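One structure is given here, and the rest of the page talks about it.
Number of protein chains: 4
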Amino acid sequence: MSADTTDGHGAGRRRRTRAEQQAETRARLIEAAAEVFASHGFEGASIDLITERAGYSRGAFYSNFSDKAELLLELSAVRMGDFARVLPDILAASDEDRIGEAARWLTDQPPHTEVLLLVELARLRDEHTDAQQLLARLTDSTLGFVDDVLDEADETLATPAAHDRLRLTRAILAAITGAQLLRHLGVEMDARTMELLLAGVLRSPVLTEETVS
Amino acid sequence: MSADTTDGHGAGRRRRTRAEQQAETRARLIEAAAEVFASHGFEGASIDLITERAGYSRGAFYSNFSDKAELLLELSAVRMGDFARVLPDILAASDEDRIGEAARWLTDQPPHTEVLLLVELARLRDEHTDAQQLLARLTDSTLGFVDDVLDEADETLATPAAHDRLRLTRAILAAITGAQLLRHLGVEMDARTMELLLAGVLRSPVLTEETVS
Amino acid sequence: MSADTTDGHGAGRRRRTRAEQQAETRARLIEAAAEVFASHGFEGASIDLITERAGYSRGAFYSNFSDKAELLLELSAVRMGDFARVLPDILAASDEDRIGEAARWLTDQPPHTEVLLLVELARLRDEHTDAQQLLARLTDSTLGFVDDVLDEADETLATPAAHDRLRLTRAILAAITGAQLLRHLGVEMDARTMELLLAGVLRSPVLTEETVS
Amino acid sequence: MSADTTDGHGAGRRRRTRAEQQAETRARLIEAAAEVFASHGFEGASIDLITERAGYSRGAFYSNFSDKAELLLELSAVRMGDFARVLPDILAASDEDRIGEAARWLTDQPPHTEVLLLVELARLRDEHTDAQQLLARLTDSTLGFVDDVLDEADETLATPAAHDRLRLTRAILAAITGAQLLRHLGVEMDARTMELLLAGVLRSPVLTEETVS
DNA sequence: CATGAATGAGCGTTCATTCAT
DNA sequence: CATGAATGAACGCTCATTCAT
Chain D
1 MSADTTDGHG AGRRRRTRAE QQAETRARLI EAAAEVFASH GFEGASIDLI
51 TERAGYSRGA FYSNFSDKAE LLLELSAVRM GDFARVLPDI LAASDEDRIG
101 EAARWLTDQP PHTEVLLLVE LARLRDEHTD AQQLLARLTD STLGFVDDVL
151 DEADETLATP AAHDRLRLTR AILAAITGAQ LLRHLGVEMD ARTMELLLAG
201 VLRSPVLTEE TVS
Chain F
1 MSADTTDGHG AGRRRRTRAE QQAETRARLI EAAAEVFASH GFEGASIDLI
51 TERAGYSRGA FYSNFSDKAE LLLELSAVRM GDFARVLPDI LAASDEDRIG
101 EAARWLTDQP PHTEVLLLVE LARLRDEHTD AQQLLARLTD STLGFVDDVL
151 DEADETLATP AAHDRLRLTR AILAAITGAQ LLRHLGVEMD ARTMELLLAG
201 VLRSPVLTEE TVS
Chain X
1 MSADTTDGHG AGRRRRTRAE QQAETRARLI EAAAEVFASH GFEGASIDLI
51 TERAGYSRGA FYSNFSDKAE LLLELSAVRM GDFARVLPDI LAASDEDRIG
101 EAARWLTDQP PHTEVLLLVE LARLRDEHTD AQQLLARLTD STLGFVDDVL
151 DEADETLATP AAHDRLRLTR AILAAITGAQ LLRHLGVEMD ARTMELLLAG
201 VLRSPVLTEE TVS
Chain V
1 MSADTTDGHG AGRRRRTRAE QQAETRARLI EAAAEVFASH GFEGASIDLI
51 TERAGYSRGA FYSNFSDKAE LLLELSAVRM GDFARVLPDI LAASDEDRIG
101 EAARWLTDQP PHTEVLLLVE LARLRDEHTD AQQLLARLTD STLGFVDDVL
151 DEADETLATP AAHDRLRLTR AILAAITGAQ LLRHLGVEMD ARTMELLLAG
201 VLRSPVLTEE TVS
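Residue numbers (UniProt numbering), protein chains in the order written: chain D, 1 to 213; chain F, 1 to 213; chain X, 1 to 213; chain V, 1 to 213.
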């Protein structure tokens, strides 16, 4: 494809193609942006700071993104993809202790900043239709994930009646999100606390159970 | 010459004293700031926008606050006070359906932006010791409130063992906070969803109950 | 006008009249301005700083002066008067050592900031005709003072020919002014240096002496 | 496409490199700053005015200097360099009439604003250590220059005793500085006046001459 | 494609000034 | 007369963005 691979002068690490180079630039910028948006917020994050942290110059940014909003959108999309990619592993966790497993996973992860990204995204929505749509997609797909977990549920989990199903999904997401936010605010949230939270919601006493005929 | 003291019509609107005037200015600026901080974030909120919305000039702001950070701090403190003032009413809710009552209250309130304030406060904390302290006070006092509710609990609520008590408190706060955040993000959170959430956590099946002798 | 002076109830320190009060306010503001203008320059001096240092509020300033320029003008005029008032003492110095005496006087005075005032005045002149005029009056009157010293001169001083007379006056003023400025810049100027300077100019070897018939 | 390298006409104006461009921008900004600082003072000089006069936008300034103080420092340093570069010419002036020569040179120069720069520098010194140091270097190096002139002196100049040497140097600098300042204030200082001043100081009658064995 | 000098809008803040008290 | 809250112009500076190199 590129001229590099045609020269048979040994198997030495061939020079990267342009496309690869640029892909890496994008990736690094996105990674840097994740940190900076989380710590400074969207408005507070300067492009200089992002590019500096990524080891590039201001111009590199404008070669890859049209503006700051696009970067946030792209970053959010990437994060959504990452999350989706990890889900199967969690879903595959041993059945006997699904909740504890999930609680531990949610606790051990490095500081989650996704919540903060969502907050920024919500801020962009008034002036950016893209942001509005992406935000909706993000929340919907996350709710979908939770729904999938419920599907896999055996008798240890609730089997809510149809009218409560969506509500339950939302409640679970609220619990997870709230926990992440509190942790960001400095409140200690250990695995057991997470377990209390998840188990409680999944077995909420007020839940109308599905009537199995 | 002035009508204030000479008119004997009892409570006739006398001209405001300077202190009163200024208090109103402060209050209006704080109210305007609440909206603007919520919709634009701390960095994105310009003082011009805040003062305009409050109906004052830029300078009025600087007659009342030393800088933008102080305004956020003051606003957060005021909100904390407001919250504390409403608590007794909720605590006094009918015993039979304490949870449903709380769920409804949390749902019916006008859009809560306190979570967003907390996020902004968290951002200031690195450069502002005051923000750090205020944030800690806010989370602590809110946790304290939740704790109070548990104290009033009768048998309909959990009576957790000591080692779970604090965890339960945090879990409840996470649930409430998460729900507020999701609602802000556009996810519908109705009273029943809130009830699922609260009741679940308060009666978490994994909770080690206090052993009553 | 005020009731203070009409009541003959003993000779107790009577309350100051309004005019006296105001005169003191003016005087204190002017004194404070002298310091602040010297250390911060005209533009760098804020009215707040001046009034604070004088122990008054912002409003007191506007009750006494129409704007900042007027204060500088007034201050400069006052200083000119002060200077004129001290001159006789110097002129009266013993004849034998007039130069040494003057040198010592110029050295011992507290840090002179008059030069700095002149610089500020020069800056105002483009937009303020008053400043232009006052500046001219200040330099002229100071030159006049130097001229007076020359008049009193006996044989120990130069008796320049008419065409050098004005030049000599200017040269002396340049010497004094330059010395004051250098001292402000941190260069040490002791009494002997001043003497070298003054004596030199007054007995300049290139001076065309008046031909006495 | 571009004429730069393809035209073989030797010194044909090739397109400037970026470094050259920026150097010119810096130089023009510094030149403009010289005028504006002199006429408005440091505080009174707005960056807008400086950049406008230099024909650039506000931002060009911040691409080249970190802040206003740095510009003053840089300008002062440049001026010091310029001065040092002219000195040899003056020192090379004909021996017979060194003083007259110097007097004429000091008189004919375009309006000197160096004194004013020194005043501004003195103002910065409290908050800017750099300013303090630069000011000291400026006065020291100028004193050094004067000292060099004395070294070159033949019998037409004074050969002061050691203890008067430094004092003489300072006195001469005071004379020159004072003359420059008075001229700025509107007092006419012609070449003859300068000569009176310089010759006088250099042959001050109170000077203790070095004893030549 | 990446660089970084230059642009210019916009922001936080200061400050001279006004005016109701 | 003095006070100080409020005004609003101006300033120093930041930063998203452009574009010649």
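Beta carbons are placed, not taken as given, at the ideal position from N, Cα and C, and that holds for glycine.
None of these values were measured; they are calculated from a predicted model.
| query | result |
| --- | --- |
| With 9 Å set as the bound, which would you pick, yes or no: does the beta-carbon of D4 (chain F) sit closer than that to a beta-carbon of chain D? | In this predicted model, D4 (chain F) has a pLDDT of only 44, less than 50, meaning its place in the structure is not dependable; the value taken from the coordinates is given anyway. By this cut-off, D4 (chain F) is not an interface position. |
| Reducing DSSP to helix, strand and coil, say where P160 (chain V) ends up. | strand |
| Alpha carbon to alpha carbon, how far is L182 (chain D) from E188 (chain D)? Give it in angstroms, no decimals. | 8 Å |
| Taking 9 Å as the CB-CB cut-off, is E52 (chain D) touching chain F? | no |
| Which of the residues in the UniProt domain "HTH tetR-type" (23-83) of chain F, read from start to end, lie with their CB under 9 Å from any CB of chain D? | S39, H40, G41, F42, E43, G44 and A45 |
| In chain order, which continuous runs of the alpha helix (DSSP H) of length 4 or greater are located wholly inside the segment 166-210 of chain D? | 191-202 |
| So, using beta-carbon positions, are I172 (chain X) and V201 (chain X) closer together than 9 Å? | yes |
| Would you report the Cα separation of R18 (chain X) and L72 (chain X), rounded to the nearest angstrom? | 24 Å |
| Which class does E52 (chain F) belong to by DSSP, given the choice of helix, strand or coil? | helix |
| Express the C-alpha separation of A199 (chain X) and G186 (chain V) in angstroms, rounding to a whole number. | 25 Å |
| Relative to the C-alpha of Q133 (chain V), which candidate in V:I47, V:R192, V:S76 and V:D48 has its C-alpha closest? | V:S76 |
| Alpha carbon to alpha carbon, how far is F37 (chain X) from V36 (chain D)? | 45 Å |
| Cβ closer than 8 Å: which chain D residues qualify as neighbours of P205 (chain F)? | A199, G200 and R203 |
| Please name the residues in the segment 125-138 of chain V whose beta-carbon is closer than 9 Å to at least one beta-carbon of chain X, in chain order. | R125, D126, Q132, L135, A136 and L138 |
| For G41 (chain F) and A33 (chain F), what's the separation of their Cα atoms in angstroms? | 10 Å |
| What residue does the alpha helix (DSSP H) around A23 (chain X) start on, and which one ends it? | R18 to G44 |
| Pick helix, strand or coil for D126 (chain X), following the three-state DSSP scheme. | coil |
| At the level of alpha carbons, what is the spacing between H184 (chain F) and T139 (chain F)? | 19 Å |
| Alpha carbon to alpha carbon, how far is L106 (chain V) from L166 (chain V)? | 22 Å |
| Quick check on L122 (chain D) - is its C-beta less than 9 Å from some C-beta in chain F? | According to the sequence displayed, residue 122 (chain D) carries Ala and not Leu. By this cut-off, A122 (chain D) is an interface position. |
| Nearest-angstrom Cα distance between I176 (chain D) and R26 (chain F)? | 37 Å |
| For A174 (chain D) versus T113 (chain F), is the C-beta spacing smaller than 9 Å? | no |
| So Q180 (chain X) packs on V86 (chain X), CB below 8 Å; how close in whole Å? | No, Q180 (chain X) and V86 (chain X) are not in contact; Cβ-Cβ is about 15 Å, not under 8 Å. |
| Taking DSSP as the reference, what is the three-state secondary structure of F65 (chain X)? | coil |
| Please classify D164 (chain X) as buried or exposed, where buried requires at least 16 neighbouring CB atoms within 10 angstroms. | buried |
| Taking just the CA atoms, how far does A122 (chain F) sit from T142 (chain D)? | 25 Å |
| Using alpha carbons as the reference points, say which of F:Q22, F:S46, F:D108 and F:S66 lies closest to E195 (chain F). | F:D108 |
| Whole angstroms is fine: what's the gap from G100 (chain F)'s alpha carbon to E74 (chain D)'s? | 41 Å |
| Going by CA-CA distance only, name the one from V:R137, V:K68 and V:I30 that's closest to G55 (chain V). | V:I30 |
| Spatial neighbours of L49 (chain F) within its chain, please: CB distance less than 8 Å, with the 5 preceding and 5 following residues excluded, ordered by chain position. | V36 and H40 |
| Out of F:R58, F:F65, F:R203 and F:P88, which has the shortest C-alpha to C-alpha gap to A23 (chain F)? | F:F65 |
| Just checking: is the beta-carbon of T177 (chain X) within a distance shorter than 9 Å of some beta-carbon in chain V? | yes |
| With DSSP as the reference, label E120 (chain D) as helix, strand or coil. | helix |
| Can you tell me the Cα-Cα spacing of L117 (chain D) and A69 (chain X), whole angstroms? | 54 Å |
| Mapping DSSP to helix, strand and coil, what is D97 (chain X)? | coil |
| For R170 (chain X), go through chain V and note every residue whose CB falls closer than 8 Å to its CB, in chain order. | L182, V187, E188, M189 and T193 |
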